[in-house]
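**Q** Have a look at this one.
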Amino acid sequence: MNSPSDPSRPHAYPSTQPSPDAPRRRVGDRLRDMVRRGSRGNAEAGSTRLEALNPSLLQDLQRFASHYDPGAGLDLLEVLAAALRHNTALQLHLQDDERLVTLNVMPARRLLRWARAMPPWLGLHLTELRVLRVAPWPTHVAEAPAEDERDFDFGPMLWELALHGARGALLPEIEGPATYRVTPGAQLEMLAPGSPLAAAVQRLQGTTTALREVARWPGFDGDRAVRLLNALYLQSALIVTRSHPGR
170 MNSPSDPSRP HAYPSTQPSP DAPRRRVGDR LRDMVRRGSR GNAEAGSTRL
220 EALNPSLLQD LQRFASHYDP GAGLDLLEVL AAALRHNTAL QLHLQDDERL
270 VTLNVMPARR LLRWARAMPP WLGLHLTELR VLRVAPWPTH VAEAPAEDER
320 DFDFGPMLWE LALHGARGAL LPEIEGPATY RVTPGAQLEM LAPGSPLAAA
370 VQRLQGTTTA LREVARWPGF DGDRAVRLLN ALYLQSALIV TRSHPGR
């Protein structure tokens, strides 16, 4: 993955039942109440609880908070990108519609762990996910998954979330006046042969191109071009060349 500062590198009893007129509370509201009661002194970003994180990762995550309404939580793609940049294992609590799920992230091992047999990129509503809590990887967690857990490759999750998730803007590390090229020799097994994505990646392997040009390619528009560049960046397959603002 290329440093964005290098200009040269081309989330029983009837009496106890709620009133039917009482509003339903989302699982995320209950979780936020719980962590606010229990973990004072920790930081927040967009009402996402950030617990005992190292200062650089904490600052990285807090910069995204202004993009969301209070209480919305953070976007999972941004949190996974930060975990990858800082090579930090994290435990995430996610709100997926009315469900609360826990996803463990292990960037150094390129693995995700959760308590379902279906891969996360197939078992979650990628456009609706919000991260409600970010904490370091618990020290008591075993290297191998428990009987009811599964490990999955990190790469496909990053790819699918970038292409089909909530975020439709370039990640901060690759935005701004720049041109882009695919890293020589990049292995992208997720690409379907003959698809517009595959054709675009092939073109980006041969020439350095601006975002606005990619958006005009067959099968593309501005949103799809942005998502492809984010996906390539998170696969360590994108070379970013900073250009003059006037170009």
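Offset between the sequence shown (1-based) and the numbering used here: plus 169.
Note that CB positions come from ideal geometry on N, CA and C, so glycine has one too.
These figures come from a predicted structure and were not determined experimentally.
Report all residues from its chain with a CB closer than 8 Å to the CB of Pro325; omit the five preceding and five following residues, and keep chain order.
**A** Cβ neighbours of Pro325 beyond the five flanking positions: Pro288, Trp290, Met359.
**Q** Contact between the region 335-354 and the region 364-379 is defined here as three or more beta-carbon pairs at a separation below 8 Å; is this criterion met?
**A** With a cut-off of 8 Å, the region 364-379 and the region 335-354 count as touching, because enough Cβ pairs lie within range.
**Q** Which residue wins for smallest C-alpha separation from Ser408, given the options Gly375, Asp392, Asp390?
**A** Before going further, note that residue 408 is Ile rather than Ser in the sequence given. Comparing Cα-Cα distances from Ile408 to each of Gly375, Asp392, Asp390, the minimum goes to Gly375.
**Q** Pull up the distance between the alpha-carbon of Ala394 and that of Trp328, whole angstroms please.
**A** Distance between the alpha carbons of Ala394 and Trp328: 14 Å.
**Q** Please determine, among Trp386, Leu281, Leu293, the residue with the shortest C-alpha to C-alpha distance to Thr257.
**A** When each option's Cα is compared against that of Thr257, the closest is Leu281.
**Q** Check this for me: beta carbons of Leu272 and Pro305, under 9 Å apart or not?
**A** Contact flag unset, no.
**Q** If you draw a straight line from the alpha carbon of Asp320 to that of Leu401, how long is it in whole angstroms?
**A** Asp320 and Leu401: Cα-Cα distance of roughly 23 Å.
**Q** What is the DSSP secondary structure of His255, counted as helix, strand or coil?
**A** Reduced to three states, the DSSP call for His255 is helix.
**Q** Could you spell out where the alpha helix (DSSP H) holding Pro224 opens and where it closes?
**A** Looking at the DSSP string, the run of the alpha helix (DSSP H) that includes Pro224 is 224-231.
**Q** Within 8 Å, do at least three Cβ pairs link the region 334-341 to the region 360-368?
**A** At 8 Å Cβ cutoff, the stretches do not touch.
**Q** May I have the straight-line CA-CA distance separating Leu261 from Arg411, to the nearest angstrom?
**A** Cα-Cα distance, rounded: 33 Å.
**Q** For a quick check, are the C-beta atoms of Leu253 and Leu298 less than 9 Å apart?
**A** Contact flag unset, no.
**Q** Considering only their Cβ atoms, is the gap separating Leu230 from Leu330 smaller than 9 Å?
**A** Cβ atoms of Leu330 and Leu230: not closer than 9 Å.
**Q** Give me, in chain order, the residues of the same chain whose beta-carbon lies closer than 8 Å to that of Arg279; leave out the 5 immediate sequence neighbours on both sides.
**A** Excluding sequence neighbours, Arg279 sits near Asp322, Phe323, Gly324.
**Q** Does at least one heavy atom of the ligand ATP sit under 8 Å from the Cβ of Leu293?
**A** Annotation note on the ligand ATP: not contained in the displayed structure, which lists no ligands.
**Q** Quick test of your reading: Gln404 and Leu357, contact by CB under 8 Å. State the CB separation rounded to the nearest angstrom.
**A** Between Leu357 and Gln404 the Cβ distance is about 6 Å, and since that is below 8 Å, they are a contact.
**Q** From Met203 to Pro387, what distance separates their C-alpha atoms?
**A** At Met203 the pLDDT is 43, less than 50, meaning the model places this residue with poor confidence; the figure from the coordinates comes in the next sentence. Taking the straight line from one Cα to the other gives about 49 Å.
**Q** Provide the residue span of the beta strand (DSSP E) that contains Asp320, from first to last.
**A** Note, Asp320: beta strand (DSSP E), 319-322.
**Q** For Glu213, collect the residues of the same chain with a Cβ closer than 7 Å to its Cβ; drop the 5 residues on either side in sequence, then sort them by chain order.
**A** Closer than 7 Å at Cβ, skipping near neighbours: Leu219.
**Q** Have a look at the DSSP bridge pairing and note the partners of Val351.
**A** Looking at the DSSP assignment, Val351 forms a beta bridge with Leu407.
**Q** Helix, strand or coil: how does DSSP classify Ala384 here?
**A** If DSSP states are grouped into helix, strand and coil, Ala384 belongs with coil.
**Q** Could you spell out the range, first to last residue, of the beta strand (DSSP E) harbouring Arg132?
**A** Because the chain here runs from 170 to 416, residue 132 falls outside it and cannot be looked at.
**Q** Taking only beta-carbon atoms, is Ala355 less than 9 Å away from chain D?
**A** In the structure shown, chain D does not exist; there is a single protein chain.
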